[in-house]
Amino acid sequence: MKRVVSPVVSILAVALVAAGCTAATAPTGTKPVSGGTLVYATGDAEPTCLDPHVGGNYPQALIASQYLESLVSKNTAGEIIPWLATKWSEAPDGLSWDFTLKKDVKFTDGTALTPETIAANVAHVQDPATTSSTGYLALQKVTGVTAPSADVARFTLSTPDSALLDSLSQPWLAIESATALKRSQAVNCESPVGTGPFIVTKWTRQQSVSLVRNDSYSSPPADATHSGPAYLKAIDWRFLPDSASRYAALQAGTVDVIDNVQPDTLVAAKGSADLVTLDAPRPGASNRIELNSSIAPFDDVRVREAFIRSANVNDAVTTLFFGTAKRSYSALSSVEKSGISEPSLFTYDQKAAAKLLDEAGWSTKNADGYRTKNGAVLELSFPVSTNQSIPAEQSLFEQLQATSKQAGFKVDLKPLDLSSWYGALGKNLYNLVSAPYTKVGPDVLRTLFDSAGTKPAPSGYFANHSQVKDPALDALLEKAATLSDAAERLSLYKKAQKIVLEGFYILPLYDQQNHYLHRSVVKGLRAMPTVSTPTMYDSWLSR
Amino acid sequence: MKRLLAWIGVTALIFLLIAALAPGLLAPADPLAINPTQSFRAPSFDHLFGTDESGRDIYTRVIHGTGASLLIGVSATAIGIGLALVFGLLAGLGPRWLDFGTTRFLEVLFAFPGLLLALLFIVVYGPGVITSTIAVGLATAPGYARIIRSRVLVVRRAPYLEAAAVLGRGWWFRLWRHLLPNVAGSLFVLVTLGIGQSIVWASSLSYLGLGAVPPAAEWGAMLSAGRTYLASFWWMTFFPGLFIMISAVASTLVGRGLQERNRDS
């Protein structure tokens, strides 16, 4: 036996050594290689404009993260870190901020990054003709930008803004070439010019956007793992709205990265060695259902509470998301450190719901089992954006419709395309709505719950869908937004969240789901800690 | 062989008819009842066709969806044939200029693909079962109208109509007693063939989210809901799809059978 075994062992040993040698030199190792085209398939809607100043939604942020850059970024610990600005300071009165710009940064059209560029960008976002909503709302306190020296941009404010750095880290306030911004909006939407690691070369509508490497790139954020140009030669950014086809394409290897991965697909992909998941919950608000408190029947807090008590969210989340989503009891995303969670306010309790409805005067039932009051049926209109709610979420709404029916609510689910959905919101023709809102930092509470948020931005969009108009809450949020003291701010934000949760204005569901799936040949892919969009700058392909 | 196929079609149609008129007989449960703890179950003795994402029994939903789908199919065909009859008779019996006008109008409608016409109608009047039924009816009308016109042109020159005219029968009498019954024979075949097509079209519209509204049990809508889970839970799409196919094939088989019989007699 021994004689037989030893040669086998030695052969094995030689083989192992050989394998070790090849592994060290093969391109499949850990040393990044340059070149190759990465194919990204997105399930988010195709943007109508590639300049995220215009409008300002998540699909734009996703792609803009590849070619535009912001003044500051965030690291995984949530701290603000340098990007296009190397340092910054707030004036003692809080009414101005100085940003020192990185030196020798050039836009891909050859123009230089100067304080005047920053001023032009702020003016562009604030110009009503740009129809910005996200960026516009974030810059409400900024009165202008001046240039005290050749490399310092000074933001002047009407009142102190503790959320300014958070706001400026977002892709919706990314810095574009001032020369390029002077072109017509249509042209700028087609080919925005930034300082980023990639350049938009071609946009084939309903199909894809082609991006190539910016060979003179020099301005990565402070947390990037390398410097100089990106590894990838090009990115093929495809629009593939059907989730099943997206996954099939990834499995087949025709695409390298997909987003908006469905829960069942995530579970299926776990078993595959070729696929890697990347979970990056979006910051800002949790995914929630907003209850429109401005019109009947939700102008009565008892009816709002009754609806929330009658909605069996937990069972629905468990079955529809296969453990990929965790139930939220907070107005804020779990990545926001200042979020508070109040599970006891959202327990499923049909008896409590029935009692509350009786008290609120909805004490009679019609033949179909729906509650009535003075002949009117307890009916709720629920426009659902089929672009913004994934199928699992739409099924969840159907399940909530069924459980709230037991309490006597007649929920009318109305699946709508994005523009009809905005239309229904604009006309105040909704009782329930679920609208994701992504923003860095707890100041998102002011966007979503300050009474000023019921007035539309230039794009026509308004963010306070619950239509909360509470002077005490407004005061808290305004105050918090001006304080620089972190502890004091935190206590105010906690108080504000308590008012929102105890007022039953929202039914929190889970974090804004943001799952990416990529082939294992894609290395170094990460989500930006700002708004969780993927960045391809450090990515490379080992094939 | 053809006979046999026609009878298979008839049997399937009778089954579908029972499912449509008295779904409770075949599936006593509530098609909308959710049961999250039982979601995504594969077909078994408890759930013949499995369950969907909300734990609803797919067999129950498919059976209860028959009524909606067949009703859309039948009413859409009725609307289509009804309109076509008006246009066909106008063109076939009216004066030359009317024939010319109607035919050109039909040709314009023909220029649009049927489904596009239906989509256009839904965009204007909003999604829903009623609008999608009317939309499908409108979209199919031009095709029928042409066939009816040619049939009318043949029949109006038939000797028995001339005889009736010579006998001094009134216009309405001739239309009602002689013309319509002779056009109806071919119409009946058209109807059975058309129902199958209309069901497929209505399902397509629901699949696109333009027909039945969730959580209604309707085949096209169920197909669409299951599509997301196609890779993991095939039964969510397979069974509604199977029923769409069965109903379309069955009505086509019956239609063909009737055609053959007409030809033989």
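Going down the list, the protein sequences come from chains A and B. The opening residue of the first sequence carries number 113 in my numbering; numbering runs sequentially from there. The opening residue of the second sequence carries number 105 in my numbering; numbering runs sequentially from there. Glycine is no exception: its CB is placed at the ideal position from the N, C-alpha and C atoms.
Cβ atoms of A/Val151 and A/Thr366 come within 8 Å of each other, at about 7 Å. Sequence-distant Cβ neighbours of B/Ala329 in its own chain, meaning closer than 8 Å and more than five residues away, are Asp156, Glu157, Pro318 and Met340. Three or more beta-carbon pairs separated by less than 8 Å are not found between the segment 588-605 of chain A and the segment 468-485 of chain A, which leaves the two stretches without contact. Counted as a single uninterrupted DSSP element, the alpha helix (DSSP H) harbouring B/Glu266 occupies residues Pro263 to Val270. Using beta-carbon distances, B/Tyr229 does not count as an interface residue toward chain A, since no partner is under 9 Å. Residues of the segment 317-343 of chain B with a Cβ closer than 8 Å to any Cβ of chain A, in chain order: Val317, Pro318, Pro319, Ala329, Arg331, Thr332, Tyr333, Leu334, Ala335, Ser336 and Phe337. In the three-state reduction of the DSSP assignment, A/Pro527 falls in the strand class.
A/Asn169 and A/Pro341 have their alpha carbons spaced roughly 27 Å apart. Note on geometry: alpha-carbon atoms of A/Arg350 and A/Thr154 lie some 6 Å from one another. In this chain, the alpha helix (DSSP H) harbouring B/Arg107 covers Lys106 to Leu125.
If one requires a minimum length of 4 residues, the alpha helix (DSSP H) runs lying completely within the segment 410-486 of chain A are 413-422, 425-433 and 462-471, in chain order. When Cβ-Cβ separations below 9 Å define contact, A/Leu619 makes no contact with chain B. Of all alpha-carbon atoms in A/Ala472, A/Asn626 and A/Pro495, the one lying nearest the alpha-carbon of A/Asn486 is that of A/Ala472.
For chain A, the residues of the segment 130-142 of chain B that bring a beta carbon within less than 8 Å of one of its beta carbons are Leu136, Ala137, Ile138, Pro140 and Thr141, in chain order. A/Arg483 is the residue among A/Gly451, A/Gly222, A/Arg483 and A/Asp623 whose C-alpha sits nearest the C-alpha of A/Ala418.
Here A/Pro620 really is in contact with A/Ser398; their C-beta atoms are around 5 Å apart, less than 8 Å. Neighbours of A/Ser507 in chain B, taken as residues whose beta carbon is under 7 Å from its own, are Glu157 and Ser158 in chain order. Scanning chain A for C-beta atoms nearer than 9 Å to the C-beta of B/Gly196 yields nothing, as the closest lies near 42 Å away.
Listed as beta-bridge partners of B/Arg250 by DSSP are no residues whatsoever.
If you draw a straight line from the Cα of A/Phe574 to the Cα of A/Lys567, it is about 6 Å long.
The alpha-carbon of A/Ser531 is positioned some 13 Å away from that of A/Ala547.
A/Val580 carries a coil assignment under DSSP once its states are collapsed to helix, strand and coil.
Taking all protein chains shown into account, B/Ile303 has 16 or more neighbouring C-beta atoms within 10 Å of its C-beta and is therefore buried. For the 9 Å CB-CB criterion, A/Asp327 and A/Arg631 do not form a contact. Distance from the CA atom of A/Thr550 to the CA atom of A/Pro395, rounded to whole angstroms, is 6 Å. Within the same chain, Ala153, Arg358, Leu362 and Leu629 come within 6 Å of A/Ile370 by CB-CB distance, once the 5 residues on both sides are set aside. No Cβ-Cβ contact shorter than 9 Å links A/Ser440 with A/Leu602. Residue contact check for A/Glu510 against chain B: a CB pair falls below 9 Å.
Listed by position along chain B, the residues whose Cβ is nearer than 8 Å to that of A/Leu525 are Val317, Pro318 and Pro319. Taking 4 residues as the shortest admissible run, the segment 489-538 of chain A contains the following complete alpha helix (DSSP H) segments, listed from N- to C-terminal end: 503-519 and 530-538. Within its own chain, the residues whose Cβ lies closer than 8 Å to the Cβ of B/Ile122, once the five positions on either side in sequence are excluded, are Leu129 and Leu130, listed in chain order. DSSP, read as helix, strand or coil, puts B/Gly324 in helix.
The beta carbon of B/Ser143 lies closer than 8 Å to those of Thr155, Asp156, Glu157, Ser158 and Gly159 in the same chain, with the five residues before and after it left out.
Flagged as an interface residue toward chain B: A/Leu432, by a C-beta distance shorter than 9 Å. Neighbours of A/Tyr359 in chain B, taken as residues at a C-beta separation under 8 Å, are given in chain order as Ala335.
DSSP places A/Lys214 outside any alpha helix (DSSP H), giving it a letter other than H or E.
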